[in-house]
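In our numbering, the protein residues as written are 34 to 291.
Note that CB positions come from ideal geometry on N, CA and C, so glycine has one too.
Values in this document were obtained by computation on a predicted structure and should not be read as measured data.
Only one structure is covered here, and it is reproduced in the block below.
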(Lines of atoms letter the chains of each structure in order from A and count residues from 1; the text may use other names and numbers.)
(Lines give C-alpha, C1' and ligand atoms only; values in the text may rest on other atoms or scores of the structure.)
Protein backbone atom coordinates (compact mmCIF):
# COMPACT_ATOMS: atom_id res chain seq x y z
CA UNK A 1 0.00 0.00 0.00
CA UNK A 2 3.03 2.33 -0.13
CA UNK A 3 2.89 5.19 -2.66
CA UNK A 4 6.59 5.86 -3.52
CA UNK A 5 6.06 8.89 -5.76
CA UNK A 6 3.88 10.78 -3.30
CA UNK A 7 6.00 9.69 -0.36
CA UNK A 8 9.10 11.24 -1.92
CA UNK A 9 7.35 14.63 -2.00
CA UNK A 10 5.93 14.47 1.54
CA UNK A 11 7.70 14.99 4.84
CA UNK A 12 8.97 11.79 6.42
CA UNK A 13 7.98 10.35 9.78
CA UNK A 14 8.94 12.09 13.02
CA UNK A 15 10.15 8.81 14.49
CA UNK A 16 10.37 5.19 13.44
CA UNK A 17 11.54 1.88 14.81
CA UNK A 18 13.88 0.89 11.94
CA UNK A 19 13.66 -2.85 12.51
CA UNK A 20 15.67 -3.33 9.33
CA UNK A 21 18.79 -2.30 11.26
CA UNK A 22 18.26 -5.03 13.87
CA UNK A 23 19.93 -8.41 13.21
CA UNK A 24 17.59 -11.38 13.02
CA UNK A 25 17.17 -13.37 16.26
CA UNK A 26 18.03 -10.41 18.49
CA UNK A 27 15.74 -10.64 21.53
CA UNK A 28 16.34 -7.14 22.88
CA UNK A 29 16.03 -3.83 21.01
CA UNK A 30 16.78 -0.58 22.80
CA UNK A 31 13.96 1.47 21.25
CA UNK A 32 11.39 -0.47 23.28
CA UNK A 33 11.03 -1.30 26.97
CA UNK A 34 9.65 -4.83 27.23
CA UNK A 35 6.84 -5.92 29.54
CA UNK A 36 7.15 -9.69 29.36
CA UNK A 37 7.03 -12.76 31.58
CA UNK A 38 10.16 -14.41 30.17
CA UNK A 39 12.95 -13.80 27.64
CA UNK A 40 12.15 -14.54 24.02
CA UNK A 41 8.57 -13.26 24.09
CA UNK A 42 9.64 -10.35 21.87
CA UNK A 43 12.15 -11.11 19.12
CA UNK A 44 13.40 -9.57 15.87
CA UNK A 45 13.26 -12.05 13.02
CA UNK A 46 13.06 -12.29 9.26
CA UNK A 47 9.58 -11.55 7.94
CA UNK A 48 7.93 -14.98 7.55
CA UNK A 49 6.26 -13.70 4.37
CA UNK A 50 9.56 -12.45 2.97
CA UNK A 51 8.49 -8.90 2.09
CA UNK A 52 9.44 -6.63 5.03
CA UNK A 53 12.93 -7.59 6.13
CA UNK A 54 13.40 -7.72 9.90
CA UNK A 55 10.15 -7.53 11.87
CA UNK A 56 9.10 -7.71 15.52
CA UNK A 57 7.53 -10.99 16.61
CA UNK A 58 5.48 -10.97 19.82
CA UNK A 59 4.29 -14.10 21.58
CA UNK A 60 2.10 -14.62 24.65
CA UNK A 61 2.05 -18.08 26.20
CA UNK A 62 -0.37 -19.65 28.67
CA UNK A 63 0.72 -18.73 32.18
CA UNK A 64 2.25 -15.34 31.27
CA UNK A 65 0.50 -13.70 34.23
CA UNK A 66 1.96 -11.16 36.65
CA UNK A 67 4.06 -9.66 33.86
CA UNK A 68 4.88 -6.10 34.96
CA UNK A 69 1.58 -5.59 36.76
CA UNK A 70 -0.66 -7.67 34.49
CA UNK A 71 -2.17 -9.56 37.44
CA UNK A 72 -4.25 -12.47 36.17
CA UNK A 73 -3.98 -11.16 32.62
CA UNK A 74 -1.31 -12.46 30.26
CA UNK A 75 0.90 -10.06 28.33
CA UNK A 76 3.91 -9.53 26.13
CA UNK A 77 4.11 -5.85 25.23
CA UNK A 78 6.61 -3.12 24.48
CA UNK A 79 6.42 0.59 25.17
CA UNK A 80 8.54 3.66 24.46
CA UNK A 81 9.33 6.31 27.06
CA UNK A 82 10.59 9.06 24.72
CA UNK A 83 9.47 9.29 21.07
CA UNK A 84 6.02 7.83 21.79
CA UNK A 85 5.29 9.19 25.25
CA UNK A 86 3.79 12.24 26.90
CA UNK A 87 0.60 12.87 24.92
CA UNK A 88 -1.80 15.33 26.55
CA UNK A 89 -5.42 16.44 26.25
CA UNK A 90 -6.07 18.42 23.09
CA UNK A 91 -3.07 16.99 21.24
CA UNK A 92 -3.38 15.34 17.83
CA UNK A 93 -1.39 12.16 17.22
CA UNK A 94 -0.79 10.39 13.89
CA UNK A 95 0.70 6.87 13.87
CA UNK A 96 1.18 4.04 11.39
CA UNK A 97 2.35 0.46 11.73
CA UNK A 98 2.20 -2.92 10.01
CA UNK A 99 0.61 -6.03 11.51
CA UNK A 100 0.42 -9.65 10.42
CA UNK A 101 -1.26 -12.69 11.97
CA UNK A 102 -0.88 -16.14 10.47
CA UNK A 103 -3.12 -19.20 10.23
CA UNK A 104 -2.14 -20.33 13.75
CA UNK A 105 -3.40 -17.12 15.39
CA UNK A 106 -5.32 -17.71 18.61
CA UNK A 107 -6.93 -15.28 21.05
CA UNK A 108 -9.57 -15.53 23.76
CA UNK A 109 -13.08 -14.30 22.97
CA UNK A 110 -14.16 -10.96 24.39
CA UNK A 111 -12.91 -7.39 24.31
CA UNK A 112 -9.87 -7.50 26.61
CA UNK A 113 -7.33 -8.64 24.03
CA UNK A 114 -5.33 -5.63 22.82
CA UNK A 115 -2.50 -5.48 20.29
CA UNK A 116 -2.13 -1.67 20.35
CA UNK A 117 -2.91 0.62 23.28
CA UNK A 118 -2.54 4.29 24.00
CA UNK A 119 -2.43 3.95 27.74
CA UNK A 120 -3.21 6.42 30.50
CA UNK A 121 -0.81 7.15 33.34
CA UNK A 122 -1.20 5.24 36.56
CA UNK A 123 -2.89 1.89 36.84
CA UNK A 124 -6.30 0.28 36.94
CA UNK A 125 -7.86 2.42 34.22
CA UNK A 126 -9.05 1.55 30.74
CA UNK A 127 -6.76 2.55 27.88
CA UNK A 128 -8.21 5.63 26.13
CA UNK A 129 -7.51 3.95 22.77
CA UNK A 130 -7.05 0.24 22.09
CA UNK A 131 -7.14 -2.03 19.06
CA UNK A 132 -8.20 -5.57 19.82
CA UNK A 133 -8.31 -9.02 18.26
CA UNK A 134 -10.82 -11.42 19.81
CA UNK A 135 -11.24 -15.12 19.15
CA UNK A 136 -9.13 -17.48 17.08
CA UNK A 137 -10.53 -15.99 13.86
CA UNK A 138 -9.19 -12.52 14.72
CA UNK A 139 -12.25 -10.31 15.23
CA UNK A 140 -10.93 -6.73 15.02
CA UNK A 141 -12.34 -3.85 17.08
CA UNK A 142 -11.40 -0.38 18.27
CA UNK A 143 -12.11 0.70 21.84
CA UNK A 144 -12.30 4.27 23.18
CA UNK A 145 -12.50 5.48 26.77
CA UNK A 146 -12.54 8.99 28.16
CA UNK A 147 -14.10 11.65 30.33
CA UNK A 148 -13.82 12.36 34.02
CA UNK A 149 -10.83 13.53 36.02
CA UNK A 150 -7.73 11.36 35.95
CA UNK A 151 -6.78 9.63 39.19
CA UNK A 152 -3.48 7.84 39.89
CA UNK A 153 -5.16 4.46 40.30
CA UNK A 154 -8.55 3.31 39.08
CA UNK A 155 -11.15 4.34 36.54
CA UNK A 156 -12.23 8.02 36.64
CA UNK A 157 -15.80 8.68 37.74
CA UNK A 158 -18.04 9.66 34.85
CA UNK A 159 -15.86 8.15 32.14
CA UNK A 160 -17.52 6.48 29.16
CA UNK A 161 -16.50 3.77 26.71
CA UNK A 162 -17.31 2.91 23.12
CA UNK A 163 -16.39 -0.02 20.85
CA UNK A 164 -16.32 -0.10 17.04
CA UNK A 165 -16.63 -3.61 15.59
CA UNK A 166 -14.50 -3.85 12.43
CA UNK A 167 -14.85 -7.45 11.25
CA UNK A 168 -12.32 -10.24 10.86
CA UNK A 169 -8.69 -9.41 10.13
CA UNK A 170 -7.50 -11.54 7.18
CA UNK A 171 -4.62 -13.84 8.06
CA UNK A 172 -1.33 -14.61 6.33
CA UNK A 173 -0.87 -11.12 4.92
CA UNK A 174 0.51 -7.79 6.09
CA UNK A 175 -1.89 -5.00 6.98
CA UNK A 176 -0.93 -1.32 7.14
CA UNK A 177 -2.77 0.67 9.81
CA UNK A 178 -2.97 4.46 10.01
CA UNK A 179 -4.41 6.11 13.12
CA UNK A 180 -5.19 9.80 13.56
CA UNK A 181 -6.72 10.94 16.83
CA UNK A 182 -7.22 13.97 18.98
CA UNK A 183 -7.33 13.51 22.73
CA UNK A 184 -10.34 15.30 24.21
CA UNK A 185 -11.53 14.45 27.70
CA UNK A 186 -14.60 16.74 27.49
CA UNK A 187 -15.94 15.43 24.19
CA UNK A 188 -13.79 17.28 21.66
CA UNK A 189 -11.78 14.22 20.66
CA UNK A 190 -11.90 12.32 17.40
CA UNK A 191 -10.41 9.21 15.84
CA UNK A 192 -9.87 8.13 12.25
CA UNK A 193 -8.55 4.67 11.43
CA UNK A 194 -7.49 3.24 8.08
CA UNK A 195 -6.49 -0.30 7.22
CA UNK A 196 -4.77 -0.94 3.91
CA UNK A 197 -5.93 2.45 2.63
CA UNK A 198 -9.60 1.97 3.52
CA UNK A 199 -11.06 4.20 6.22
CA UNK A 200 -12.75 2.03 8.85
CA UNK A 201 -13.56 4.56 11.60
CA UNK A 202 -14.37 8.28 11.35
CA UNK A 203 -15.73 9.33 14.74
CA UNK A 204 -15.86 12.91 15.99
CA UNK A 205 -17.01 14.60 19.22
CA UNK A 206 -15.83 11.74 21.41
CA UNK A 207 -14.42 11.62 24.92
CA UNK A 208 -10.91 10.21 24.49
CA UNK A 209 -8.60 10.33 27.50
CA UNK A 210 -9.03 11.57 31.05
CA UNK A 211 -8.85 15.21 32.15
CA UNK A 212 -5.55 15.98 33.85
CA UNK A 213 -3.75 12.79 32.77
CA UNK A 214 -0.08 13.86 32.89
CA UNK A 215 1.30 11.59 30.16
CA UNK A 216 -0.29 9.00 27.89
CA UNK A 217 1.97 6.51 26.14
CA UNK A 218 2.02 3.97 23.29
CA UNK A 219 2.10 0.18 23.75
CA UNK A 220 2.09 -2.67 21.24
CA UNK A 221 2.22 -6.45 21.51
CA UNK A 222 -0.60 -8.44 23.08
CA UNK A 223 -2.46 -8.21 26.39
CA UNK A 224 -5.18 -10.80 26.99
CA UNK A 225 -7.23 -12.67 29.53
CA UNK A 226 -5.75 -16.03 30.52
CA UNK A 227 -5.97 -18.54 27.67
CA UNK A 228 -4.76 -22.07 26.95
CA UNK A 229 -3.26 -21.28 23.53
CA UNK A 230 -0.27 -19.27 22.31
CA UNK A 231 -1.00 -15.87 20.74
CA UNK A 232 1.60 -14.84 18.15
CA UNK A 233 1.73 -11.81 15.87
CA UNK A 234 4.23 -9.71 13.93
CA UNK A 235 4.76 -5.94 13.67
CA UNK A 236 6.66 -4.05 11.01
CA UNK A 237 7.93 -0.51 11.58
CA UNK A 238 5.89 1.73 13.88
CA UNK A 239 6.06 5.36 12.72
CA UNK A 240 4.88 8.67 14.16
CA UNK A 241 3.97 11.46 11.73
CA UNK A 242 3.48 15.22 11.88
CA UNK A 243 0.12 15.10 10.08
CA UNK A 244 -2.24 12.85 8.18
CA UNK A 245 -1.39 14.36 4.79
CA UNK A 246 2.17 13.04 5.09
CA UNK A 247 1.24 9.55 6.22
CA UNK A 248 -1.58 9.22 3.69
CA UNK A 249 0.74 10.29 0.89
CA UNK A 250 2.93 7.39 1.92
CA UNK A 251 0.16 4.81 2.43
CA UNK A 252 -2.44 5.63 -0.24
CA UNK A 253 -5.21 6.74 2.14
CA UNK A 254 -7.55 9.64 1.53
CA UNK A 255 -7.57 12.51 4.03
CA UNK A 256 -11.03 13.66 2.94
CA UNK A 257 -13.55 13.58 5.80
CA UNK A 258 -16.26 11.03 5.16
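(request) Please state whether DSSP places residue 144 in a helix, a strand or coil. (result) coil
(message) Does the region 234 to 245 come into contact with the region 183 to 197, if we say contact requires no fewer than three beta-carbon pairs (one atom in each stretch) closer than 8 Å?
(response) yes
(request) Below 6 Å CB to CB, which residues in the same chain sit around residue 212 once its five sequence neighbours on both sides are set aside? (result) 128, 226
(request) Could you spell out the range, first to last residue, of the alpha helix (DSSP H) harbouring residue 71? (result) Neither: residue 71 is in no alpha helix (DSSP H) and is coded neither H nor E.
(request) Count the C-beta pairs between the region 264 to 278 and the region 49 to 60 that are closer than 8 Å, then say yes if the count reaches three, no if not. (result) yes
(message) I believe residue 98 touches residue 86 by the beta-carbon criterion, under 8 Å. Please report the beta-carbon distance rounded to the nearest angstrom.
(response) Contact doesn't hold; Cβ gap of about 33 Å is too wide.
(request) Determine the direct distance from the alpha carbon of residue 187 to that of residue 100, and round the result to whole angstroms. (result) 19 Å
(message) Please state the DSSP three-state secondary structure of residue 278.
(response) helix
(request) Mind reading off the beta-carbon distance from residue 136 to residue 204? Whole number of angstroms is fine, and I expect it under 8 Å. (result) 5 Å
(request) Please name the residue, chosen from 260, 206, 46, that lies closest to residue 132 on a Cα-to-Cα basis. (result) 206
(message) residue 143 and residue 167 - do their beta-carbons sit closer together than 8 Å?
(response) yes
(request) Could you say which of 281, 76, 274 lies nearest to residue 232 if we only look at CA atoms? (result) 281
(request) Output yes or no for whether 8 Å exceeds the beta carbon distance between residue 93 and residue 258. (result) no
(request) Would you mind stating whether residue 118 and residue 256 have Cβ atoms separated by less than 8 Å? (result) no
(message) Quick check: does the Cβ of residue 137 come within less than 7 Å of any heavy atom belonging to the ligand COA?
(response) With respect to the ligand COA, the structure shown offers nothing to examine, as it has no ligands at all.
(message) Considering just the uninterrupted stretch of the beta strand (DSSP E) at residue 165, what are its terminal residues?
(response) 162 to 167
(message) Less than 8 Å between the beta carbons of residue 209 and residue 260, yes or no?
(response) no
(request) Could you tell me if residue 161 is buried or exposed, where buried requires 16 or more neighbouring beta carbons within 10 angstroms of its beta carbon? (result) buried
(message) Once DSSP output is grouped into helix, strand and coil, what is the label at residue 157?
(response) coil
(message) Bridge partners for residue 252 per DSSP, in chain order?
(response) 112, 150
(request) Following the continuous beta strand (DSSP E) through residue 130, name the residue where it begins and the one where it ends. (result) 125 to 133
(request) Verify whether the separation of the beta carbon atoms of residue 150 and residue 163 is less than 8 Å. (result) yes
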